[in-house]
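Here the structure is laid out as structure tokens; the discussion comes afterwards.
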Amino acid sequence: MKQLFVLVFFLTIISCKKNYTHKDLIKEDVAFLADDALKGRATGTEGELTAAKYIADRFKEMGVDPKGTDGYFQKFTFLPKTDPHKDTEYVTMNSDSTITGTNVIGYIDNNAEETIIIGAHFDHLGLGGDGSLHRGDTDIHNGADDNASGTAVMINLASRLKGKNTNNNFLFMAFSGEEMGLLGSNYFVKNPTIDTKAVNYMINMDMVGRLKEDKTIAVYGVGTSPRFSQTLNSLKGDFN
53 MKQLFVLVFF LTIISCKKNY THKDLIKEDV AFLADDALKG RATGTEGELT AAKYIADRFK
113 EMGVDPKGTD GYFQKFTFLP KTDPHKDTEY VTMNSDSTIT GTNVIGYIDN NAEETIIIGA
173 HFDHLGLGGD GSLHRGDTDI HNGADDNASG TAVMINLASR LKGKNTNNNF LFMAFSGEEM
233 GLLGSNYFVK NPTIDTKAVN YMINMDMVGR LKEDKTIAVY GVGTSPRFSQ TLNSLKGDFN
């Protein structure tokens, strides 16, 4: 009930956001996703599903089209790994031993030949467990930086790119299951909802909410495309 109240409360805020700055909107999105009521957004939990519905509503609000298998959603069901050396097994039937994650996918169709994917995982560690720096601690792991921050920036980019930069189509993806082994992104690659041959490149937003004291921005994976190095070098002066 508390999760439902929080969702309704924040959706009310969304309806009043027309005069908000981009900075304000990012703060509101992070505040919702990292709220205690979502209990750390562990994959397959009610808290994560509440977050997924919130992200879908944000996409709908800004006019971003759904591109999942069920509206904005792409659900995937899997058996949790008992052997760390084996791959996760995706299954088609739910049972007491399975977990269902939910990717959230929005699309801006500019009738372009190529598509840029901008993604961010929105799940976190729930009440701790594997992956937590404090194992045995059952406090809520809110995941404001990891990765409500990246999800909020991804949502913000969707609003900025709507109706602009029409040289590409844009696919926006909020991944589930990242903390359990990149499960949501892996599932999408194996079950894409667009023609992946038309993908220009993909940018992943992860933990962008905490700059170091020197206020530097780290960009990883530039070696995967010669375009990245060229673009970053051309912009270097803007960040000095």
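For the sequence shown, my numbering gives the first residue as 53, with consecutive numbering after it.
All C-beta atoms, glycine included, are put in the ideal place defined by N, C-alpha and C.
Treat the numbers as computed from the prediction; the structure is a model and nothing was measured.
CB-CB length for residue i against residue j, believed under 8 Å
i, j, result
"Tyr-142", "Phe-125", "In fact, because the Cβ distance is near 16 Å, the residues do not count as touching under 8 Å."
"Asn-220", "Ile-168", "5 Å"
"Phe-174", "Phe-227", "7 Å"
"Asn-285", "Glu-166", "Not really, about 22 Å apart at Cβ, beyond 8 Å."
"Ala-210", "Val-116", "5 Å"
The beta strand (DSSP E) enclosing residue i, as first and last residue numbers
i, result
"Ile-269", "Where Ile-269 is concerned, there is no enclosing beta strand (DSSP E), given that its DSSP letter is neither H nor E."
"Thr-152", "151-160"
"His-173", "167-173"
"Val-251", "251-256"
Bridge partners - residue i, DSSP secondary structure assignment
i, result
"Gly-180", "For Gly-180, which the question treats as bridged, DSSP gives no partner whatsoever."
"Leu-131", "Glu-141"
"Asp-122", "Phe-125"
Closest residue to residue i among the options (Cα-Cα distance)
i, options, result
"Gly-120", "Ile-157, Lys-214, Arg-279 and Met-114", "Ile-157"
"Lys-264", "Glu-98, Pro-278, Lys-105 and Asp-197", "Asp-197"
"Ser-147", "Lys-288, Gly-96, Ala-164 and Lys-91", "Gly-96"
"Glu-100", "Pro-244, Phe-240, Leu-179 and Ser-277", "Leu-179"
"Met-254", "Thr-245, Ser-149, Met-225 and Gly-261", "Met-225"
"Ile-353", "Lys-216, Ser-281 and Ala-172", "This structure does not reach residue 353, given that the chain is present from 53 up to 292, and the question cannot be answered."
"Asp-139", "Asp-191, Asn-199, Tyr-159 and Gly-233", "Gly-233"
"Val-294", "Ile-78, Lys-216 and Gly-123", "Nothing about residue 294 can be read from this structure; the chain reaches only from 53 to 292."
"Arg-93", "Lys-112, Gly-153 and Glu-80", "Gly-153"
"Asn-256", "Asn-199, Pro-278, Ala-104 and Lys-249", "Asn-199"
"Pro-118", "Ser-149, Asp-161, Asp-135 and Phe-84", "Asp-161"
"Thr-218", "Val-274, Tyr-72 and Ala-164", "Ala-164"
"Thr-144", "Phe-130, His-137 and Asp-135", "Phe-130"
"Phe-84", "Pro-278, Tyr-106 and Phe-240", "Tyr-106"
"Gly-31", "Leu-213, Ile-170 and Asn-238", "Limits of the chain in this structure are 53 at one end and 292 at the other, which puts residue 31 out of reach."
Extent of the continuous alpha helix (DSSP H) to which residue i belongs
i, result
"Asn-285", "278-287"
Contact with chain B by residue i, beta-carbon distance below 8 Å
i, result
"Thr-283", "Looking for chain B here will not work: only one protein chain is present."
Legend entry - Ranges of the alpha helix (DSSP H) found wholly within the region 206-242, counting only runs of at least 4: 235-242
Inset, instruction - Starting from the N-terminal side, write out each stretch of the alpha helix (DSSP H) that is 4 residues or longer and does not extend beyond the region 63-118. - result: 74-85 and 98-113
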